[in-house]
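Chemist:
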DNA sequence: GAAACATGTGTTATAATATTACATAAGTCA
DNA sequence: TGACTTATGTAATATTATAACACATGTTTC
Ligand SMILES: [Zn+2]
Ligand SMILES: [Zn+2]
Ligand SMILES: [Zn+2]
Ligand SMILES: [Zn+2]
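Residue numbers (the numbering used here), protein chains in the order written: chain A, 1 to 139; chain B, 1001 to 1139.
(1) Quick one, what's near ligand 4 if you take every residue whose CB is closer than 7 Å to any heavy atom, in chain order?
(2) Determine the chain A residues that contact residue 1128 (chain B) at a beta-carbon separation under 8 Å, and present them in chain order.
(3) Compute the Euclidean distance between the alpha carbons of residue 1099 (chain B) and residue 1052 (chain B), then round it to the nearest angstrom.
(4) Does any residue of chain B bring its CB to less than 8 Å from the CB of residue 5 (chain A)?
(5) Roughly how many angstroms separate the alpha carbons of residue 1095 (chain B) and residue 40 (chain A), rounded to a whole number?
(6) Quick check on residue 1070 (chain B): buried or exposed, where buried means 16 or more other Cβ atoms within 10 Å of its Cβ?
(7) Measure the C-alpha to C-alpha separation of residue 1129 (chain B) and residue 1011 (chain B) and round it to an integer number of angstroms.
(8) Taking 7 Å as the line, does the beta carbon of residue 1098 (chain B) fall inside it for any heavy atom of ligand 3?
(9) State yes or no: is the beta carbon of residue 53 (chain A) nearer than 8 Å to at least one beta carbon in chain B?
(10) Over the uninterrupted beta strand (DSSP E) stretch that includes residue 15 (chain A), give me the two end residues.
(11) So is the beta-carbon of residue 1029 (chain B) under 7 Å away from any non-hydrogen atom of ligand 3?
(12) Could you work out which residues of chain B lie near residue 184 (chain A), taking near to mean beta carbons separated by less than 8 Å?
(13) Strictly below 9 Å CB to CB, what residues from chain A border residue 1070 (chain B)?
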């Protein structure tokens, strides 16, 4: 898993704005939602968002949720350490828990070993109802 | 994890055609690639593909690879048993290994327990270079 | 400083993926 | 049969992502 080694980086204006939006959102955000949010700041084209996101993701400051085609700010200081992260997503309230511990990296290592793959990127996403939403929606 | 309980289902014509294409491809296939493949059989619109895929996925006969926006035929008899499946994807030769054992379901159960989520769907995808490709591309 | 290079930006257009809406047909069961 | 569900056909549209090009800015090297 390639990861940025940098601990402190100077973000460009666009990157900072996108990261701030992501943090403020506190939820998975689509690229076009971010674009709309940032139009008042002069953003006009999707590429401005996608380019900033690419950097932020490389730096471990944001993550892409593959199953939602959406993005979210990293909830840790930064995920540089391992890059082995799992996302647990409530489909009702859209809360996302970002889990990044040894159980994840161990699982991925073991999976890579078993399948003889030289892993470069992983995506673990678990959908369902969080504790609160699960209590409410007892259909 | 909700799963079909059916063991033998009669597929409709469209569903059979899409499944056959997926199996023949033996690789992740995009919806529009499937559409092109099936035009000679009368397919004309993306919805015909997406609708068939939805059924096939519900039946456990096909899977969606979230990180590729693509689909693949189930490599087991069917994944009805657990629905806890991991995909290991070579980014060079596009080979996909579908892993479905206790290590996967245990990991997911544990993750769900830790995060207090009532899980309904999961997606585990590991990218990298398979054994063969990794040997060749020693840059 | 000038040249060479890498990185970031702005903008337009376009590609790739997925869904809505509506009309029709076919299968299932009382 | 009627009532109902499921599958289909088709057109239009929505959503997500990238390509191509021009320009600007920053950094290194001489
Ligand atoms: Zn993170
Ligand atoms: Zn919730
Ligand atoms: Zn399967
Ligand atoms: Zn390979």
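No residue lacks a Cβ here, since even glycine has one placed at the ideal position from N, Cα and C.
All values derive from a computational prediction rather than experimental measurement.
Modeler: This is what the structure gives:
(1) That query returns the following residues: B:1090, B:1092, B:1093, B:1095, B:1129, B:1130, B:1132 and B:1133.
(2) 112, 117, 118, 119, 120 and 121
(3) So the two alpha carbons sit approximately 24 Å from each other.
(4) Note that residue 5 (chain A) scores a pLDDT of 41, beneath 50, so its modelled location is shaky; the value from the coordinates is reported in the next line. Taking Cβ atoms only, chain B never reaches closer than 8 Å to residue 5 (chain A), which makes this a no.
(5) Going from the Cα of residue 1095 (chain B) to the Cα of residue 40 (chain A) covers about 45 Å.
(6) With 16 or more Cβ atoms within 10 Å of its Cβ, residue 1070 (chain B) is classed as buried.
(7) 35 Å
(8) Flag set: Cβ of residue 1098 (chain B) near ligand 3.
(9) no
(10) Run containing residue 15 (chain A): none in the beta strand (DSSP E); it sits in the alpha helix (DSSP H), 13-25.
(11) no
(12) Absent from the model: residue 184 (chain A). The displayed extent of chain A is 1 to 139, so no value can be given.
(13) Going along chain A, no residue has its Cβ under 9 Å from residue 1070 (chain B), so there is no contact; the nearest lies around 12 Å.
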